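These notes are about the structure you will find just below.
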Amino acid sequence: MQRPNPVTPRLVVAFFAAAALGAVLPHLVSDFTAYQFTLAMIYGIALLGLNILTGYNGQFSIGHSAFYAVGAYTAAILMFHFEWNHYATLPVAALAAFIAGFLFGLPALRLEGLYLALATFALAVATPQLLKFDAFEHWTGGVQGLFVLKPDPLAAGLSQDQSLYYVTFGIMLFLMVVAWALLHSRSGRAIMAIRDNPIAASTMGINTALYKTTTFGVSAMFTGVAGALSVFATEFVSPDAFNFFLAVNLLIGSVVGGIVSIPGVVFGGLFLVFVPNWAQDISRAYPSVPPPWAIFGVFLILVIYFAPYGAWGGVERAVAWTRRRLKG
Amino acid sequence: MRFRTLLAATAATLLAGAAQADSTGITDTSIKIGNTSPYSGPASSYGVIGKTAVAYFNMVNRQGGIKGRQVELISYDDGYSPPRTVEQVRKLVEQDQVAFTFLTLGTPPNSAIHRYMNAKKVPQLFVATGASKWGHPDDFPWTMGFQPPYNIEGEIYAKYALDNVENPKIAILFQNDDYGKDYRDGFLKGLGDKKDLVVSMLPYEVTDPTVDAQVVAMKDSGANVFFNVTIPKFAAQAIRKACEIGWKPLHLLNNVSSSVGSTLKPAGLECSKDLITAQWQKDPTDPQWHETAGYKEWAAFMDSEIPDGDRGDVNYAFGHSASKLLHHVLENCDDWTRKGIMGCAANVKDLQLPMVLPGIVVNTSPTDFYPIQAEQLSKFDGEKWVLFGDVIDASK
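So the sequence lines, in the order shown, correspond to chains A and B.
Sequential numbering from 1 applies to the first sequence in this note's numbering.
Sequential numbering from 1001 applies to the second sequence in this note's numbering.
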């Protein structure tokens, strides 16, 4: 549970099977549903960043909405003020979020556990107000936000929604492989050693300060890419989109998917997009049941209760159980 | 062969769909309408507006609907988050297939769907926001506002101050967001080339505990006009603080906080004397309206549909007025298609709504997409607001 899966033939097959399913999906559903899956994958990419930081490196963050906003605004400003191509903004958004994360990681070095959680919480609370700040208003559009357009379809015959789905899907798969490679490298072992026993890790010669700040930066970078993609999908940024609620949602998605997992982020993203909608539909269909957020809470408690290691932990346990049964 | 038949059938269905797309969501017995409101999140106090609209059309349905059609108003929670508004509105338009949206709430949420609705040619009717950008039929022929824009109200105050105060020195306290800045900018526009009369302009954040410090600083600036752009909690604080420190400027209070029940009583009625505001709705806590037919109609609606609703909350009246306007538009519309309904919405003449001040009427035309544009100044006499002067129509 605590380590990323090693490369086994089975994992490779599962990866390609999932990729194939993802590739045909937008042709089986409506544009709107494809759009919802795109949103889920965007959340998934953001969760990937949070999982690297919190799940693998042991640093808590309730403030990842801030890095999501950095990515989103970087992309939006480049497109709106400088008329950049959509995709060209992605590396810059990633870099901006990396720098923001790295810099925030420096003071965070002195904070552990709950104290770090509180510091990142402050970051989440401050983000919408910073974005409204008069001095930046010329660039951020202040409370009115900035408008951009969806990218044109990549190929003829694809709708804008399908095209954006494929772009997001490709980026998500790429970043999952990157995250997996990172965590399997020497650096990845150092990242996890710091989580498991920081004193032992530094005794072994690991530069904990450097690793922790860099991990913060890398984590923010993933989340920043997600933020930039969210601008393509929504075609609009404004401070109200990056409130504290987004930060909490990211944490929920991370825990639901499995905070120490890479594939789990897909489940986390799907949960964040579809469960509130289901809760709302249930609430509408049966007016006597409690309001949607109470139903959402019930779903959340059920997941935590039945899959304490998140959805991916549940999948792994189910696979292990089936295998034992087949052998037994 | 079979595949080709299927393909042909699909194409035929799509074509037929395209031809009829204009009356999506409308049948001979029903009409589907969409709405998003913040039922959760930081702006959830505005959720009662959407709730009131749903209750209103439930009542209409029980009474037989509109022209024999039952109204299905689907209202989703967007938590005041623009990306979520986009998702929910796409769900309404593409999945639920609503005919149009009605009374979607908030400036940022409506901004996020503005272009989408116009690209899809789906009416975005009577948006619940005071921003000024909803009445531009040339660029956005499918979007229409409802209430008087905040900036127009700001202009009215500026003109009043210039005309009635000798040697004015102006202090402005405003909430640091879209609502506060709209008022501020409208006021500054109303001052024209006399902007240097503003001696103090201080913002506050909605998360601040008090605005006492700002009020003290404004008194020290020597201002004799105080333009107070705050929501009820802070308005009450500012009125009380000014009273305590003996500062008696011409106090212009924005309409957002003009409720007797939620602002002036907490501030102290004695301290609230001589406040000036511009109004367009009847304040439900103001006893002078309680005997009017409009108030009685609203009160009866509240009794039967929302018995547990707070009668002091003007948002219930707001939701009722907007629903009443939509009811009127649909009832007097012969062409029940998206285009037809948009046309009917742009053809309302001198409609008096029950909870809107007497003399302030709804007027729209193909070139006027601001349904309510008039307001009237009133002064607080220590007990109730007393209207004075003429109805000021910004469109004239």
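Each residue gets a CB set at the ideal place from its N, CA and C atoms; glycine is no exception.
Values in this document were obtained by computation on a predicted structure and should not be read as measured data.
Item: If Gly1079 of chain B sits next to Thr1029 of chain B, beta carbons under 8 Å apart, how far is it from one beta carbon to the other, in whole angstroms?; Value: The pair is not a contact, with the Cβ atoms about 33 Å apart (cut-off 8 Å).
Item: Use the C-beta contact count for Gly1389 of chain B: other C-beta atoms within 10 angstroms, 16 or more gives buried, fewer gives exposed.; Value: exposed
Item: Please classify Gly1050 of chain B as buried or exposed, where buried requires at least 16 neighbouring CB atoms within 10 angstroms.; Value: buried
Item: Is the CB of Thr234 of chain A under 8 Å away from at least one CB in chain B?; Value: yes
Item: Out of B:Gln1063, B:Ser1040, B:Thr1024 and B:Val1089, point me to the one whose CA is closest to Phe330 of chain A's CA.; Value: Examination of residue 330 of chain A is not possible in this model, given that chain A is present from 1 through 328 alone.
Item: For Phe245 of chain A and chain B, any beta-carbon pair shorter than 8 Å?; Value: yes
Item: Taking 8 Å as the threshold, find out whether the region 91-100 of chain A comes into contact with the region 238-255 of chain A through three or more Cβ pairs.; Value: no
Item: Does the separation of the CB atoms of Gly297 of chain A and Ala307 of chain A fall below 8 Å?; Value: no
Item: Near Ala17 of chain A, which residues of its chain fall below 8 Å by C-beta distance, leaving aside the five closest residues on each side in sequence?; Value: none
Item: Any beta-carbon of chain B closer than 8 Å to the one on Asp196 of chain A?; Value: no
Item: Residues in the region 1064-1085 of chain B with C-beta within 7 Å of chain A's C-beta atoms, listed in sequence order?; Value: Tyr1076, Asp1077, Gly1079, Tyr1080, Ser1081, Pro1082 and Pro1083
Item: Which residues does DSSP pair with Leu146 of chain A in a beta bridge?; Value: A:Val237
Item: Residues in its own chain within less than 6 Å of Trp1134 of chain B by CB, not counting five upstream and five downstream?; Value: Val1127, Thr1143 and Gly1145
Item: So Ile1170 of chain B packs on Val1198 of chain B, CB below 8 Å; how close in whole Å?; Value: 5 Å
Item: Distance, Cα to Cα, Cys1344 of chain B vs Ala1053 of chain B?; Value: 20 Å
Item: DSSP three-state label for Pro6 of chain A, please.; Value: coil
Item: For the pair the region 1200-1214 of chain B and the region 1234-1244 of chain B, tell me if three or more CB-CB distances fall below 8 Å.; Value: yes
Item: When you compare only the Cα positions, how much space is there between Ala119 of chain A and Asn249 of chain A?; Value: 18 Å
Item: When the cut-off is 8 Å and only beta carbons count, does Gly310 of chain A lie next to chain B?; Value: no
Item: So which residues on chain A does Glu1297 of chain B lean against when the C-beta distance must stay under 7 Å?; Value: The premise fails here: Glu1297 of chain B is roughly 26 Å from chain A at the closest Cβ pair, so nothing lies under 7 Å.
Item: Please determine, among A:His27, A:Lys327, A:Arg195 and A:Pro107, the residue with the shortest C-alpha to C-alpha distance to Gly123 of chain A.; Value: It is Leu, not Gly, that sits at residue 123 of chain A in the sequence shown. Closest by alpha carbon: A:Pro107.
Item: Of the choices B:Gly1246, B:Ser1259, B:Lys1384 and B:Leu1353, whose alpha-carbon is the least far from that of Met1218 of chain B?; Value: B:Gly1246
Item: Counting C-beta neighbours from all protein chains within 10 Å, is the total for Leu21 of chain A 16 or more, i.e. buried, or is it exposed?; Value: exposed
Item: Taking Phe32 of chain A as the query, report the chain B residues whose CB atoms sit under 7 Å from its CB, ordered along the chain.; Value: Arg1090, Lys1091, Glu1094 and Gln1095
Item: Measure from the alpha carbon of Leu1330 of chain B to the alpha carbon of each residue in B:Val1048, B:Ala1055 and B:Gln1070, then state which is nearest.; Value: B:Gln1070
Item: Mind reading off the beta-carbon distance from Ile262 of chain A to Asn57 of chain A? Whole number of angstroms is fine, and I expect it under 8 Å.; Value: The pair is not a contact, with the Cβ atoms about 14 Å apart (cut-off 8 Å).
Item: Count the other CB atoms, across all protein chains shown, that sit within 10 Å of the CB of Thr322 of chain A; report buried if there are 16 or more and exposed otherwise.; Value: exposed
Item: Relative to the C-alpha of Leu149 of chain A, which candidate in A:Gly258, A:Asp240, A:Phe232 and A:Phe136 has its C-alpha closest?; Value: A:Phe232
Item: Go through the region 204-255 of chain A residue by residue and report every complete run of the alpha helix (DSSP H) that reaches 4 residues or more, in order.; Value: 208-234
Item: Quick one: what's Trp1385 of chain B bridged to in DSSP?; Value: B:Phe1380
Item: With H, G and I counted as helix, E and B as strand and the rest as coil, what does DSSP make of Gly1261 of chain B?; Value: helix
Item: Considering only their Cβ atoms, is the gap separating Leu1191 of chain B from Val1438 of chain B smaller than 8 Å?; Value: No answer is possible for residue 1438 of chain B: it lies beyond the span of chain B, which begins at 1001 and ends at 1396.
Item: Look at Ala40 of chain A and Val225 of chain A and say whether their C-beta atoms are less than 8 Å apart.; Value: no
Item: Within the region 1208-1268 of chain B, note down every full alpha helix (DSSP H) run reaching 4 residues or more, in order along the chain.; Value: 1212-1220 and 1232-1244
Item: At 7 Å on the CB atoms, spell out the chain D contacts of Glu1375 of chain B, in chain order.; Value: In the displayed structure, chain D is absent; the protein chains listed are A and B.
Item: Going by DSSP, what residue range makes up the alpha helix (DSSP H) through Thr322 of chain A?; Value: Gly310 to Lys327
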